[in-house]
Every structure is written in C-alpha cells, then in structure tokens.
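These protein sequence lines map, in sequence, to chains A and B. Numbering follows this note's numbering, with no gaps: position 246 of the first sequence is 246. If you count the second sequence from 1, you need to add 1000 to reach this note's numbering. Every residue gets a Cβ at the ideal spot worked out from N, C-alpha and C, and that includes glycine.
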Amino acid sequence: MKIRYPSFFSFIVLVQLAFSTISSQQKGEADFKQICSVCHSIGKGRLIGPDLAKVDQRHTEEWIIKFVHSSQTVIKKGDAYADSLFKAYNQVLMPDQASLTDNQIRDIIAYIKIGGPGTTGPVTANLKTDSAIVGDSQKGKDLFIGNIRFANGGPTCNSCHNVNHQGMITGGALAKDLTKAVSRLTVDGVKGVISGLPFPQMKQSYAKGPLTPQEIDDIAAFLKDVDTSAASQLSSNVGNSMIIGGALGIIILLILFSIFWINRKQRTVNYDIYERQIKSFH
Amino acid sequence: MDVRSQISMVFHLDKCIGCHTCSIACKNIWTDRKGAEYMWWNNVETKPGTGYPTKWEDQSIYKGGWQKDNGKVTLKGAGKRRGLTNIFYNPNLPVIDDYYEPFTFKYLDLIEAPEGNDQPTARPVSLITGEPIDIKMGPNWDDDLSGTPDYARNDPNLKNLSAAEQEVMFQLERMAFFYLPRICNHCLNPACVASCPSGAIYKRGEDGVVLINQEVCRAWRMCVTACPYKKSYYNWHTGKSEKCILCFPRIEAGLAPACMHSCVGRIRYLGVLLYDASKIEAAINDDTDSLIDRHLDIILDPFDPKVIRAAKMNGVADSTIHAAQFSPVYKYVKQWKLALPLHAEFRTLPMLFYVPPLLPVMATVKQVDNSAQSEKMNPIAKYWDDNWLYDTSTKDLWGTLDQVRFPLKYLASLLSAGDEELIKDKWKKLMAVRIHRRRVTVGDISNEKADEVLQEAGITAEMADGIFYLTALAKFEDRFVIPPAHREQAIEMMDFTGDTKGEVGFGIKSKLRRGL
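Below, the structure written as structure tokens:
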C-alpha cells in the first residue's frame, strides 16, 4: 500500500494534469481561433504572420507573452529577432493583445503544442498564391468609396483608408494606405483581416456591423485590382509642383488682371502737383 | 402725361462773389462729422479751374454719368455688367488725394506748449490719420487762380478749344474767371440711383430730392463712380455713402436750404417745377444737340388746366401746384429761358439750372492812346503808360459778344453741351435787360435803341423788368417758394402711421436710445 499510495497519488495527479491540460488546450483553441487564426496558422505555412507551429521551441514562454502583449515594445527594446520578424513579414504590425492574460496566452501555447487542429491538412507551401477570387471588383469599389452601403451599416472603407487608383478621390489618412495591401497580406490575409478584425480600431468600428462574406470578397477583389494596377497609377505625391503651380497661376492671373484693367485710374489726378511740392515730413 | 413735382433750383452766376458762405453753412450743419470732413456737399469752384474733386468733369478719368452706345443709354462706369464684374474693385473711384486730405491745426499748442526758444506754432494735422502733414490741397485750392498752369489750364472744358484760343483766353489783359457753386443736382435721371447695387438711393416721390438710405447702403460706392458731378461721397468712418440732402428737414419746415439761406450774393432760387415723367426716357435718349431742348420740354406749364388736372390725378397737392405757379425757377428756366443745366451731356437731367455769367464778356480790351490822360496826372503819381482800356461802353449792339474776352466755346462746354448759340441767346437777354434798365434809370440810351435790343433778344420790356426784379430786388419769399411738405401723406402711402403712434415720430421705426 505504501507503494500504491504514491502511485495512486501520482495517477491522480497525472489524471488531473491530463484533464487540466486538455481543458487548457480547449480554452486555448477557442482564443486561438477567435484572435490568432486571422494571421497565423499552425503547421499550414505563413499567412499574414508566421506559422506558429513549434513556436514554443523557438522562444521561451516569457518572450511569447511579452511579444503577444506588445510586439512593438519588444522590438523597441532591441530584440534583434523580433525586429527581423517584423521586417520579414512586410512590417505588418501585430496588434497588441493587452486584454489577454498571461494564463490565456499559456493556454494558447498549450493548444499550439498539441499541433492545433492537426497537421493532417495540406500544407499550403506558399500562401502568396491566392485562392480564386469570387468577388466583384466594381462592386467592391462602390463599397469602398461608399456608393453602396454595407449591409450591416459598417463605416465606409475610404473614411479611414486611402488607395491610389484611377479616378478615385483620396481617402482618409487615419489608417494604413491599402494600395499595396494585397502584396503585403495576400488576398486571404485581406479577407482574414476584414472578417477577423484583429486591429482594435477596426474591431471597434465594425463590431456592431460586420461585413457579409460577399462584401468581403468584393472588397478583396477590388483591392487585388488596385494592387495589380498600382504600378501604372499616377503618384499621389505631388511634391513641390502644387506650390510652384500655384505661384505660377497667381503670376499669370496678376498679369491677366493688369492687362484687363489696363485703363484703370492708377493714381491721383493731383500726382504731379503733389510730387513737386516740398515735403517736410517723410 | 405723368405729372410730378420737383423742388428745383436756379443759381445766378452773375451774382456769385465766391465767398464760400454757402459751403461753410452746409459744412457746419451736415459734414463736420468724423469721416465727412473732406466732403463738401456744397462747394464753390473758380472757372476756368479744375474744381473739386480735381477734374471731376473729365469722365475719361472718373467714368461718371450716362453714355449713348449704339443708340442705347447706359451707365459709363457702373451698371449691371460693368458694375458686377468690378463690384469688389470699382476701379474708377476718386481717392482722397483727388479731393484733398482734410486737416486741422493743433491750436492748443499755441497756449499749452512748454516754454522754449521759439514761438509755438499750430502745426497742421491730418483729420484722417491725426499725424502732422504738409497741406497739399484744399477743397478750393484753385480759388481765383485763373490762368495758372496747374489749375485753369487743366480745366477739362478747354479740350474743345484750340491752343491759340486757350492762349488768348489766358493773356494777362484778357484773363477772366467766374465762380461755379455746385450742390447735388437732384437729377431726373440720376446715375447714382441707377448704379446702386443695394437699392439704397432713391428719388423722393413728393419733391424729387435724391437721398441715400443709410440703413440700406452697403458701401459699394458705385454711386461715387456713377455721379458725373462727384456729389456722392463715401464716409470712411461710418462705411456709408452720403450726399446733399437739399436740407430736406428745413424744406419740410418751410425753410430754405442752409446754403441758399446764407447766400450773401442772393444768387440762389428755389421753387417747384411740375414735369412730365413719361417724357424722361425719350429725353435721355435724344441726340446731344437737342438734349437741352428735350430736357426743358419735360417741364410743364403750371398754369395749363390740363397739367393741373393731371397733377391732381397724380396726387400732387394743391399747395404744391400753387407754389409751382409762383416758382422763380419756372420763370428763369421756362418763361424767360435764361437758365441752363450744367453739363447736360452727362444725360442725368440735372434739376439745378445756372444763369450764365455775363460779367466776363461785358467789356472788351481796346487799344487806346492814354498819353493825354497820363499828362494830366500829378508828377508824383505813378506814370501809367499802358495803352489799353477795359471798355464797357455799348456803342455797338452786340459788338462785345463777337469779340468777347471769354470764349463762347468754353461756356458752351460747361452749360449747353457745346451749343454756342444757346449761350449767345442767354447773353443777349441778360445784356438787353441791362440796356433796358439803363434806359429807365440812367436815361442815356435812346428808347429806339433799347427797344431794338429787347426785340432782338426776344424779350419784352415787361419781361426785362421781371428779370431785373427777380435778379436784383427779389425778397426772401420771391427767391424761395417752398410748398408745405405734406410729409404725412407721403409717409402714409408707404407705412401705416399708427404703427409708430406714441413712438418717436414719423419715419423712425426703431426706438431711440435715450439717456446716458
């Protein structure tokens, strides 16, 4: 019995441990699917961010928690690896997940450890090859500039975002310029961002009025068009030409005015008399 | 026939002595306020001279008045198209230096300056900036300066005279000048009213006084450009334009306007004229040659029963018609045809008429031998060796008219739109009156000659006596025949007077602020 007790105890502990691991994996799965899966896969290759399979072997738990809470803080502290990650992934900023507790992050790591949904699915070697585009680019453009309202009443894209595309008015400067969004994020990444809303401001803006899948497809198709034609667009950066053009315009206008009003009364009729008079005040 | 009444004026230029009392009377009552110091609603100019503002008659500079373009009469400097395109620029406005920079003197320095080596002086200071200035110009800077190159020879009326004619005009022995007092003409076709984008200027229905509503005026200053007589002024302090109001508060009280009341030479006459408003449009579109005839045609005979009936139908008060029958203006302008409008070619139909001055043409300069006369003089006296005589004798009937020392062309440019015959006609009448009166009072002219003169001038002895009376003897009531105003009727046409019952009086709807 003396032997049994510890073995029983250890069994209990093991069972408990196993259960607790399972439950923490389940919690981690829910969080991962809701928050991380927009940008990250487990063993399916890179999406917007890196594949997280075996992340627990690459980094310490402590480092991961810090990075998830605020990736930019880690980079700014001079972490060379974090910096190289940021650069390798098109400098797409990983949104701070300050609301996740340390335990929640540990749960997610636990979920990643067991391989997520499994690596049985086909590994998409290079997610840069986009899935077939089913959206309507023209409709996407109308949605983007607000000619058509989003079905659930979300705000128009161009109130915060700008794209440089033919015949379109300049959009807002509050958020990232989306001209090269597809190059940076891929079409699936774009769709992921719009549907998953990883960015806090996007989340706030669209929490009550999420886009329908069709709308997401349309906008992705439109952004894809914008991206492919970006090279042939006129640059929206006019440099000094605005100031120079304005100055030239004013000079031309002044010349035109002085020609048009050439017969105006230019000075007092008493000019000659006044000029001749001796002045004691100057 | 659309009969209306107009308070109209005649200035008898032969009687003006250039004392500027009228200008001072007006200034003291109306324009001694801030922003109005440079305005002279009434001013007196020496002619030939450039006037005030300088060269106001030259519309190539100021673009005032009406012009006839392709048979259509339009405003020269304002109007719909030109006014709208220039509304924020208004390029032909006179500037303050075209008038003069108003000034005063620091009189207090004379008594308050601290003790020093020099006697204190009262320095001139600008009434606009308050800074010390050099006085460069005044409202009558060309006073009595006939012949001067800066003023007399720059008179815009000389442009039709040849260089030789001008030279003769300004020879020392021949040089002459006369005075031209000017106020607002209260025109029948006022360019200022037509030009105002705000509709602030109006011609008062009952007496034709042209006024600027200070509450409606929005300082576009189109009236300043449009008035060819430059009698609308911009007040830079209040931001509104102002002009002569013909002292309407005095007229409504039965008093003559201040300038007329104070006139030392008694040159001014004021009375009612009845006119036919339906003839105005045809008159302003007429050729320049017959413009004055058409202008005088508009004025109606107040004794004609048809005119009286039409006037009554138009609401002209009986007292106004009665005043029109005794109007000295009607006598001068229509009965005797002695007075002419100033610069009729501006086509504003001015209702201030001038009797042309005869004095510059009365005498001739003759070459005579003065030696016998000089011999008689005391040796101590200065020996007078000039051989010319300022001759006022009248041996020939109209001899002096043909060799006048003051060219007809000049006066014609001023008063008859270039028609010399018209001026000659007035001169003959004025001269005939003198010859007739000389027969009566001195008796050295034969009846035969005097009658011949009268006949040739086209007036009768009775008319000559009438002209003489109104020119030389007229009393206050003869010179100013002012009808009762009937202001209450004029107001009741537009407003219900019960609205202001118990308030501050007619015409003012907002309550006055009283007390401190």
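### Task
Inspect the beta-carbon positions of K1279(B) and D1293(B) and report whether they are closer than 8 Å.
Taking the C-beta atoms as reference points, D1293(B) is found no nearer than 8 Å to K1279(B).
### Task
Classify K176(A) as helix, strand or coil using the three-state DSSP reduction.
Assignment of K176(A) by DSSP, reduced to helix, strand and coil, places it in the coil class.
### Query
In chain A, which residues lie less than 7 Å from T1054(B) when you measure between Cβ atoms?
Against chain A, a Cβ distance below 7 Å from T1054(B) picks out V269, N270.
### Query
By DSSP, does K1231(B) sit in helix, in strand, or in coil?
DSSP places K1231(B) in coil when its eight states are reduced to three.
### Task
Under 7 Å Cβ to Cβ from T998(B), same chain only, skipping five residues before and after it: list those, please.
Because chain B is modelled from 1001 through 1516, residue 998(B) falls outside the range shown and cannot be assessed.
### Task
Look up P1132(B) in the DSSP assignment and give the residues it is bridged to.
P1132(B) has V1125(B) as its beta-bridge partners, per DSSP.
### Task
Taking only beta-carbon positions, decide if I273(A) is within less than 8 Å of chain B.
Interface residue (Cβ-Cβ distance to chain B less than 8 Å): I273(A) is classified as such.
### Query
Is the number of C-beta pairs between the stretch 195–212 of chain A and the stretch 264–277 of chain A that are closer than 8 Å three or more?
Cβ pair count under 8 Å is below three, so no.
### Task
Would you mind giving the Cβ-Cβ distance between R1271(B) and P1190(B), rounded to the nearest angstrom? I have them listed as a contact below 8 Å.
Per the sequence shown, the amino acid found at residue 1271(B) is Gly instead of Arg. Between P1190(B) and G1271(B) the Cβ distance is about 20 Å, and since that is not below 8 Å, they are no contact.
### Query
Expressed to the nearest angstrom, what Euclidean distance is found between the alpha-carbon atoms of K1076(B) and A1113(B)?
Between K1076(B) and A1113(B), the C-alpha separation is close to 53 Å.
### Task
Would you kindly work out how many angstroms separate the C-alpha atoms of S1008(B) and E1101(B), rounded to a whole number?
If you take the alpha carbons of S1008(B) and E1101(B), they lie about 32 Å apart.
### Message
Starting from R1268(B), trace the beta strand (DSSP E) in both directions and tell me its first and last residue.
### Response
Its beta strand (DSSP E) spans residues 1268–1276.
### Task
Following the continuous beta strand (DSSP E) through F1103(B), name the residue where it begins and the one where it ends.
If you look at F1103(B), you'll find it in the beta strand (DSSP E) that goes 1103–1105.
### Task
Name the one or two DSSP bridge partners that P1350(B) has.
None, per the DSSP bridge assignment.
### Query
What are the residues that DSSP puts in a beta bridge with F1178(B)?
Paired residue(s): K1047(B).
### Query
M1001(B) bridges to which residues according to DSSP?
Beta-bridge pairing links M1001(B) to no other residue.
### Query
Taking C-alpha atoms, which residue in C1259(B), P1124(B), A1282(B), K1376(B) lies nearest to F1480(B)?
Checking every option, the nearest Cα to that of F1480(B) belongs to C1259(B).
### Query
Relative to the C-alpha of S24(A), which residue among I105(A), K76(A), A247(A) is closest?
With distances taken between Cα atoms, S24(A) lies closest to I105(A).
#### Entry: Secondary structure, alpha helix (DSSP H): runs of 4+ residues fully inside the stretch 181–246 of chain A
Every alpha helix (DSSP H) of 4 residues or more that sits fully in the stretch 181–246 of chain A is shown, in chain order, as 181–196, 200–206, 213–228.
### Task
Could you pull out every residue in the same chain whose Cβ sits closer than 7 Å to the Cβ of Q1059(B), ignoring the five residues on either side in sequence?
Once the five neighbours on either side are set aside, the close Cβ partners of Q1059(B) are G1065, K1076, P1228.
### Query
With a Cβ-Cβ cutoff of 8 Å, do I1201(B) and C1187(B) count as a contact?
Not in contact: I1201(B) and C1187(B) (Cβ atoms no closer than 8 Å).
### Query
Taking the C-alpha atoms as reference points, what is the distance between K1240(B) and Q1214(B)?
Using only the alpha carbons, I get a separation of about 6 Å.
#### Entry: 7 Å Cβ cut-off: residues of chain B touching K279(A)
Within chain B, the residues whose beta carbon sits less than 7 Å from that of K279(A) are D1134, listed in sequence order.
### Task
State the DSSP-derived secondary structure class of R264(A), mapped to helix, strand or coil.
If DSSP states are grouped into helix, strand and coil, R264(A) belongs with coil.
#### Entry: Same chain only: Cβ atoms within 6 Å of L52(A), ignoring 5 sequence neighbours per side
Answer for L52(A): H40, I42, I112, listed in chain order.
### Query
S71(A) by DSSP, collapsed to three states: which one?
Here S71(A) carries a helix assignment [DSSP, helix/strand/coil].
### Query
Checking contacts by CB at 8 Å: is D1142(B) closer than that to chain A?
The beta carbon of D1142(B) sits no closer than 8 Å to any beta carbon of chain A.
### Query
Can G1265(B) and C1016(B) be called in contact, C-beta distance under 8 Å?
Yes, the Cβ-Cβ distance between G1265(B) and C1016(B) is below 8 Å.
### Task
Can you say whether Y81(A) is buried or exposed, counting buried as having 16 or more other CB atoms within 10 angstroms of its CB?
Under this definition Y81(A) is an exposed residue.
### Message
Rounding to the nearest angstrom, what Cα-Cα distance links M1039(B) and P1091(B) in this structure?
### Response
Approximately 20 Å, taken between the alpha carbons.
### Under 7 Å from the C-beta of D1150(B): neighbouring residues of chain A
Chain A residues near D1150(B): I273.
### Query
Is there a Cβ from chain B that is less than 8 Å from the Cβ of R149(A)?
Interface with chain B (8 Å Cβ-Cβ cutoff): R149(A) is excluded.
### Task
Give the C-beta separation of T1050(B) and N1154(B) to the nearest angstrom, bearing in mind that I take them to be a contact with Cβ-Cβ under 8 Å.
Approximately 5 Å separates the beta-carbon atoms of T1050(B) and N1154(B); this is inside 8 Å, confirming the contact.
#### Entry: Contacts around A1464(B), its chain only, beta-carbon distance under 8 Å, and the 5 residues preceding and following it disregarded
If we look at A1464(B) and ignore the five residues flanking it on each side, its Cβ neighbours are A1432, V1433, H1436, R1437, L1454.
### Task
Compare the C-beta of V1095(B) with all C-beta atoms of chain A and state if any pair is closer than 8 Å.
At a cut-off of 8 Å between beta-carbon atoms, V1095(B) makes contact with chain A.
### Task
Would you check whether the ligand HEM has a heavy atom nearer than 7 Å to the C-beta of S1023(B)?
The ligand HEM is absent from the structure shown, which contains no ligands of any kind.
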